[in-house]
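Quick mapping for you: the protein sequence lines, in order, are chains X and R. The opening residue of the first sequence carries number 1 in the UniProt record's numbering; numbering runs sequentially from there. The opening residue of the second sequence carries number 1 in the UniProt record's numbering; numbering runs sequentially from there. Only one structure is covered here, and it is reproduced in the block below.
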Amino acid sequence: MRLKLVPSDTNWNFFRFASITFGASVVAMVASIVLFFVMGLNYGIDFRGGTTIRTESTQAVDVGAYRAALSALDLGDVAISQVFDPSFGPERNVAQVRIQAQDAEESITPETINTVEAALKAVDPSITFPSVESVGPKVSAELVRTAILAVALSLVAVLFYIWLRFEWQFSLGAVVALVHDVTLTIGVFALLQIRFDLAIIAALLTIVGYSLNDTVVVFDRVRENLRKYKKMELRDLLNLSINDTLSRTVMTSVTTLLALIALFVLGGDVIRGFVFAMIWGIVVGTYSSVFVASNILLFLGVKRDWSKDQDGGAGTQFAKADG
Amino acid sequence: MLHFALWKRSTIWALVVIGLALAMPNLFYERVERHNDAVQAIELQGATPELVADRDAWPGWLPSGLVNLGLDLRGGAHLLAEVRVADVYADRMDALWPDVRDALRAVRDEVGPIRRADSPPAELHVNIGRPEGMAAAIAAVRQIARPTVTLTGVGSSDIEVRGAGDLLIVQLSEAEKEATDNRTIQQSLEIVRRRVDEVGTREPTIQRQGADRILIQVPGIGSAEELKALIGTTARLTFHPVVSRTDNPDEAPGAGNVLYPSLDDRGIYYVLERTPVVSGEELTDAQPGFDQNGLPSVTFRFNPAGARKFGRFTQENVGAPFAIVLDEEVISAPVIREPILGGSGQITGNFTVDDSTQLAILLRAGALPAELVFLEERTIGPELGADSIAAGKIACVVAFVAVLFFMVASYGLFGLFANIALIVNVAMIFGLLSLIGATLTLPGIAGIVLTIGMAVDANVLVFERIREELKSAKGPARAIELGYEKALSAILDANITTFITATILFTMGSGPVKGFAVTLGLGILTSVFTAIFVTRLMVVMWMERRRPRTITV
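As structure tokens, this is what we get:
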């Protein structure tokens, strides 16, 4: 008996509720943008400069006492948060202290770190500092620029590649789906105020890659069906293609999610935000390649004459090379 | 499509075996690491029984390449420093002054008496007695200009000379500045490397980044502060004639002189001639030691040119004090009792043993040509890294088991094939990482876990396609053939697009993000390889053996 997540031979109509699904996506995107501007992202030091100190102690973390000790030092904005992880146990109490970038300093001076550490030690003699990271404003400004550039560049590269391999309508559909995924991910980070740092950008780009993977598989089938069924209504043809590939779409998402959930639960707190972004992105990405990309394609319409001489042979040239 | 030539089969299996062999040392990480360290140590300093034992713990004929662990996994310090390249311009101007002076003296009749005036650090200003002789002065100074050697500015000269009233202004040309900057960075890199090597840590990363930055990563060092103390000091040692001693910090030193504070006696300042007699560049050796009173000191030795200059200076100035200056602070200003002709000497001051040891290291490694400003620093404790590795391992195993189980439950025997390919795939990622000496970071582990999830995708695409083809009632062989054929374009398109994003991440990202891009990119390569070659070969071999009438995928 085989495990089947999707019954074989589905014939679900993915466009019956198109106005609802598409509407929901638009609403979610608008909500994300509003959240981004109203609540803002909880930027890590990579992007705003400053210092984070991770503390570990056998005694319970007393955020109030830490704050009182540090506010006497006149360091400007200081944020303290306790970090929880199932693997810690009662003997390990971890907190994260973030200090804003100091005026007239690039990275933090040893003196500042020493005073901070001494102040915390006075509160809790058993405290240790497993990591200290400091980024100057000059570098953080560059990192922001590079991050935006990286995301934009990858979108453009993808737009170009899909246009090359398919048609511009496909390309636009794929990129709209990607923008949808990235926007929704940023929205959820704004909503939950999860720390947004350099690793999250890597996660965003992976989401871009993954969602694209999904979209391309559907599009590849659309291209094939376009050749096969020359007279079929575009809506039906898209539906057929999505149904054809549905089982694969779900299988891959489930295996990837299985792996990522293992990492989320067991991988430790340091990369939890990063893994969360990927899990969220894969759920959204799977949704968007079915409901967003195809809707755009339906809306834009496609060239119907995919006779062999004109398809550029791109779809088959690799197959031959492989032999 | 189902036919594999023998050479193809052997190539595929050979690649798999090589991948596994290259990955294998990572299973015995500590033992292999000790072996590698021992081999290196024996080469450098000869064998000791412990080193030989460590070396022999791992057979020499086995591969011994390991995946480097990034700082976030091993613990250590990371620094990003900016080199203040403009610092060097001032030195260049000082060095140029004697030549300019001589050139102008040669045309004294036309330009009259000359005097060096105060100027911004990157320029040299000279007062000229007869402003009407400016043209002659400019021409004379231009005589000493040399051509710049750069890729872009061939043919341009190294200095620019212009006149303003009675002031002759000399500065470096743009091309020369560029060339100088380049040299400064190279030199700084070299000196940082030497200083870090002196401490003897394992595999430090010291790289140039961008136009004027240096990235330094040292695993295993306690904190970024230690590292900063070591490499942040300029350690420019100079010997100057002393003009006078004062306790007024605002005293005007006069043209050609400088006012430096004393390192040990607070409130004491020395007026010194700006141009040093000798500098630390002419040292050949420096060792920590003790002076005749048993206090820590540093013994140094000049090279022949330095020894000659120092000897002549001390000969001419017996009875006068000279100052030993380190980074614009006077360590001491002893009186010259007798000429020092041997080329060696001793620096005493208010040192501890640690101070003198560190100073000796710094002097041996040489002075940084310019100041370093730190833009970014990170310290990660080794325990935190060890925790991350442990958590990552568990997560990888659980992810692996879940995916393996899921694949068999969904595709039966074919799922098993895909699983074997998946194991090969992960092993090959590690093999490739070890081969190119790439660095595994925490996001890199996430990249591997993601690959585990995604690597089955190519197989899933094929299997689903075979299922479809089977429905249209073709024989198993034909269905498998068509399955691979038709799934190929989707596999390639999907993986190429992901590879594009991995490439962009690699070029734009830094540190941990780069590590992630590397594992993701390699994971794509190996997963495509295993899906379209390894799994297929297994399916083909199974078909040849069993010749099944029907198959269920």
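Here a beta-carbon is modelled for each residue, glycine too, at the ideal position from N, C-alpha and C. Since the structure is predicted, the reported quantities are computational estimates derived from the model, not experimental observations.
- Looking at Phe-351/R, Glu-226/R, Leu-283/R, Val-161/R, the one whose alpha-carbon comes closest to that of Gly-76/R is Glu-226/R.
- At least one CB atom of chain R sits nearer than 9 Å to the CB of Glu-133/X.
- The Cβ atoms of His-180/X and Ser-25/X sit closer than 9 Å to each other.
- Only exposed fits Gly-254/R, as fewer than 16 other CB atoms lie within 10 angstroms of its CB.
- Listed in chain order, the alpha helix (DSSP H) elements of length 4 or more contained wholly in the stretch 432-512 of chain R are 442-471, 476-508.
- Going by DSSP, Phe-239/R is part of no alpha helix (DSSP H) but of the beta strand (DSSP E) stretching over 237-246.
- Ranked by Cα distance from Phe-290/R, the first of Ala-53/R, Ile-436/R, Arg-236/R, Thr-352/R is Thr-352/R.
- Residue burial is scored here from C-beta neighbours: Tyr-260/R has at least 16 other C-beta atoms within 10 angstroms and is therefore classed as buried.
- With fewer than 16 other Cβ atoms from the protein chains shown falling within 10 Å of its own Cβ, Glu-281/R counts as exposed.
- If only uninterrupted alpha helix (DSSP H) runs of at least 4 residues are considered, none is enclosed by the stretch 182-207 of chain R.
- With respect to the 9 Å criterion, Ala-95/X and Gln-82/X are classified as neighbours on the basis of their beta carbons.
- Excluding five sequence positions before and after Gln-315/R, the CB atoms of its chain that fall closer than 8 Å to its own CB belong to Pro-339, Leu-341, given in chain order.
- Classified as exposed, Asn-114/X has fewer than 16 neighbouring CB atoms from the shown chains inside 10 Å of its CB.
- Across the set Thr-530/R, Leu-237/R, Ile-429/R, Leu-435/R, the C-alpha of Leu-237/R shows the shortest separation from the C-alpha of Arg-364/R.
- Here DSSP, grouped into helix, strand and coil, assigns Phe-4/R to coil.
- Shown in chain order are the members of the stretch 121-150 of chain X whose Cβ falls below 7 Å from a Cβ of chain R: Pro-130, Ser-131, Val-132, Glu-133, Ser-134, Val-135, Gly-136, Lys-138, Val-139, Thr-146, Leu-149, Ala-150.
- In this structure, Thr-275/R lies away from Arg-301/R, with their beta-carbon atoms at least 9 Å apart.
- Leu-404/R and Leu-71/R have their C-alpha atoms spaced approximately 31 Å apart.
- Put simply, of Pro-548/R, Pro-288/R, Leu-272/R, Ile-361/R the residue whose alpha carbon is nearest the alpha carbon of Ala-320/R is Leu-272/R.
- One thing to note: Phe-400/R has its Cβ within 9 Å of the Cβ of Ala-259/X.
- Using a CB distance below 9 Å, the part of the stretch 490-512 of chain R facing chain X consists of Ala-490, Ile-491, Leu-492, Asp-493, Ala-494, Asn-495, Ile-496, Thr-497, Thr-498, Phe-499, Ile-500, Thr-501, Ala-502, Thr-503, Ile-504, Leu-505, Thr-507, Met-508, Gly-509, Ser-510, Gly-511, Pro-512, ordered along the chain.
- Counting C-beta pairs with one atom in each stretch, the stretch 403-419 of chain R and the stretch 533-547 of chain R have three or more that are closer than 8 Å, which means they touch.
- The Cβ atoms of Ser-344/R and Ala-367/R do not sit closer than 9 Å to each other.
- Contacts with chain X (Cβ-Cβ distance below 9 Å) from the stretch 420-452 of chain R involve Leu-442, Pro-443, Ile-445, Ala-446, Gly-447, Val-449, Leu-450, Thr-451, Ile-452, listed in chain order.
- Straight across, the Cα-Cα distance linking Ile-429/R with Gly-65/R is about 13 Å.
- Ranking Ile-207/X, Ala-203/X, Asn-11/X, Phe-37/X by CA distance to the CA of Ala-174/X puts Ile-207/X first.
- Its Cα nearest to that of Gly-50/X, the residue Ile-99/X stands out among Ser-131/X, Asn-13/X, Ile-99/X, Val-63/X.
- Within the DSSP secondary-structure output, Glu-233/X pairs in no beta bridge.
- Membership of Gln-171/R in the beta strand (DSSP E) is indicated by the continuous run 167-172.
- By the CB criterion at 9 Å, Gln-217/R and Leu-189/R fall outside the cutoff.
- Tyr-161/X reaches chain R at Ile-496, Thr-497, Ile-500, counting residues in chain order whose Cβ is nearer than 8 Å.
- Ranked by how close their Cα comes to the Cα of Pro-130/X, the residues Thr-52/X, Val-217/X, Arg-165/X, Asn-213/X have Thr-52/X in first place.
- Counting only residues of its own chain and dropping the five nearest sequence neighbours on each side, Val-107/R has a CB closer than 6 Å to the CB of Ala-136, Ala-140.
- Non-local beta-carbon contacts of Leu-326/R in its own chain, meaning distances under 6 Å to residues more than five positions away in sequence, involve Leu-237 in chain order.
- Non-local C-beta neighbours of Ile-128/R in its own chain, meaning closer than 7 Å and more than five positions away in sequence, comprise Val-111, Gly-112, Ile-114, Met-134, Ala-137, Asp-166, Leu-168, ordered along the chain.
- Annotation: Ile-324/R to Pro-369/R spans about 18 Å, alpha carbon to alpha carbon.
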